[in-house]
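Engineer: Mind having a look at this structure? Questions to follow.
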Amino acid sequence: DGMFSLEEVECIGACSWAPAVQVNYDFHENLTPEKMDRVLKEYLEQGTQ
């Protein structure tokens, strides 16, 4: 649906909290597949408000 795009980078400076992602200026750390699902759901809900 094109709602999200991904860009792989070498480093976001979050080795201590890996796996981690940065969404715009927000960092999300210690991710599991379930946590990533929740993160994406939160952004989807914010986008529909």
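When the letters of the sequence shown are read in order and numbered with the numbering used here, they come out as residues 6 to 54. Beta carbons are placed, not taken as given, at the ideal position from N, Cα and C, and that holds for glycine. Note that the structure is predicted; figures quoted are calculated from it, not measured.
1) Kindly indicate which residue of VAL26, ASP6, TYR30, GLY52 has the alpha-carbon position closest to the one of GLU13.
2) Could you pull out every residue in the same chain whose Cβ sits closer than 6 Å to the Cβ of ASN35, ignoring the five residues on either side in sequence?
3) Cβ atoms of ALA19 and PHE9: under 8 Å apart, would you say?
4) Alpha carbon to alpha carbon, what distance is there between ASP6 and TYR30?
Structural biologist: Let's see:
1) Position 8 of the sequence shown holds residue 13. With distances taken between Cα atoms, GLU13 lies closest to VAL26.
2) For this step, residue 35 is matched to residue 30 along the sequence shown. If we look at ASN35 and ignore the five residues flanking it on each side, its Cβ neighbours are TRP22.
3) Numbered from 1 along the sequence shown, position 4 holds the residue referred to as residue 9. Numbered from 1 along the sequence shown, position 14 holds the residue referred to as residue 19. Their beta carbons are not under 8 Å apart, which means PHE9 does not touch ALA19 by this criterion.
4) Indexing the sequence shown from 1 puts residue 30 at position 25. Indexing the sequence shown from 1 puts residue 6 at position 1. Cα-Cα distance, rounded: 23 Å.
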